[in-house]
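Top to bottom, those sequences are chains R and D.
Residue numbers for the first sequence, in our numbering: 1 to 137.
Residue numbers for the second sequence, in our numbering: 1001 to 1137.
Structure first, commentary second.
Number of protein chains: 2
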Amino acid sequence: MAGGRKFMTKSGIEIAKFLDKRESFASAQEIFLGLRAEGRNFGLATIYRALQSLTSTGEVDVLRRSDGEALYRKCGEDHHHHLICKGCGKTIEIEGVSVEEWAHTIAERHGFREIQHSAEIFGICPDCFTQAEPKRR
Amino acid sequence: MAGGRKFMTKSGIEIAKFLDKRESFASAQEIFLGLRAEGRNFGLATIYRALQSLTSTGEVDVLRRSDGEALYRKCGEDHHHHLICKGCGKTIEIEGVSVEEWAHTIAERHGFREIQHSAEIFGICPDCFTQAEPKRR
DNA sequence: AGCCATAGTGAGAATGATTATCAAAGTCAT
DNA sequence: ATGACTTTGATAATCATTCTCACTATGGCT
């Protein structure tokens, strides 16, 4: 079920590499600017295209910031959830067996099929908590 | 912690009532059109303002559709999660003690503070499953 | 090498939700 | 009714994302 390696264009590979180096979620615009800062000038359209492709194969995870902007991150391919720092954006992949069970149980109780679920935890990481000042924004 | 009743404008009250009658999440645009269909012509700006106010007091829940559009729903004021039908949008409020515990445990293990979490379950409800054809869209 | 077919790129336009403006209309205690 | 203040809503402005389309790179094939 885990999408296997799919064909990826040259720019797609570079964009994936860029995400590999980050430990936090990044918006398409941040990726665009980040690559530009490295001298790699991709068009926004290319970035969005690559991101779509990467998310469709499951190589990249997406989630929505509260303002609706999409954030992307390169992750392990197996199912997992995230613990995200509201200060610096640092993201930790976590497992959630109890969440899986919970979703399954609830869904069954109500007769729902084709279940998916989302579960993320947000908070302030120890670094940001001690430094009164968050690293980002 | 649960935000108490806050002052609400006249239109805000009408918009809240409109949401009261729905059992599924609605976008701002849907609310706009729905009210208009009832002969209540509010400006979009007014709808968005009321929605902001309602969500800030916790009277209305927000979540993001996969395309990033915000969806609103009048809910019980105590903390809960949602089971949402991907077919008709029908939404059921559910509790998730195990999720709360999970979030708390994980956060503590990593030293995170000021924890929040989100957890929703999506699936096809029994009605939509039997009728091959979903009610909405 | 030269040539075609096809996929990939990117500047800029188009879309669409949300937010900001701001003048006009409503509210209310005096 | 008067003035101080709030609410409203038509419209313009933002901003992320998607679409267009001419142009370029690529890969086979001779």
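Even glycine gets a Cβ: it sits at the ideal position worked out from N, Cα and C.
Close beta carbons around residue i, own chain, < 8 Å, minus the five adjacent residues each side
i: residue 115 of chain R; result: 103, 104 and 107
i: residue 1091 of chain D; result: 1023, 1024, 1025, 1073, 1082, 1083, 1084 and 1085
CB contact below 8 Å: residue i versus chain R
i: residue 1058 of chain D; result: no
i: residue 1092 of chain D; result: yes
i: residue 1125 of chain D; result: yes
i: residue 1137 of chain D; result: Residue confidence for residue 1137 of chain D is low, a pLDDT of 43 falling below 50, so the modelled location carries little weight; the figure read from the coordinates is stated next. Not one chain R Cβ lies under 8 Å of residue 1137 of chain D.
i: residue 1064 of chain D; result: yes
i: residue 1083 of chain D; result: yes
i: residue 1089 of chain D; result: no
CB-CB length for residue i against residue j, believed under 8 Å
i: residue 93 of chain R; j: residue 82 of chain R; result: 6 Å
i: residue 1035 of chain D; j: residue 1042 of chain D; result: 6 Å
i: residue 1117 of chain D; j: residue 121 of chain R; result: 5 Å
i: residue 111 of chain R; j: residue 54 of chain R; result: About 35 Å; that fails the 8 Å criterion.
Residue-level contact to chain D via CB, residue i, 8 Å cutoff
i: residue 49 of chain R; result: no
i: residue 44 of chain R; result: no
i: residue 68 of chain R; result: yes
i: residue 134 of chain R; result: Because the pLDDT at residue 134 of chain R is just 48, under 50, the model does not fix this residue reliably, and the value given afterwards should be weighed accordingly. Taking Cβ atoms only, chain D never reaches closer than 8 Å to residue 134 of chain R, which makes this a no.
Close Cβ partners of residue i (< 7 Å) along its chain, the five nearest in sequence each way excluded
i: residue 18 of chain R; result: 31, 34 and 35
i: residue 70 of chain R; result: 27, 28, 62 and 64
Other residues of its chain near residue i: CB distance less than 6 Å, five sequence neighbours each side excluded
i: residue 1074 of chain D; result: 1019, 1020 and 1060
**OP:** Check distances from the C-beta atoms of the region 93-120 of chain R to those of chain D and list, in chain order, the residues that come in under 8 Å.
**Re:** 94, 96, 98, 99, 101, 102, 103, 106, 107, 110, 111, 112, 113, 114, 115, 116, 117, 118, 119 and 120
Subject >> Residues from the region 1003-1035 of chain D in contact with chain R, defined by Cβ distance under 8 Å >> reply: none
Original post:
Below 8 Å, can you find three or more Cβ-Cβ pairs linking the region 1040-1048 of chain D to the region 115-130 of chain R?
Top reply: no
Subject >> Cβ contact (3+ pairs, closer than 8 Å) linking the region 17-31 of chain R and the region 1019-1030 of chain D >> reply: no
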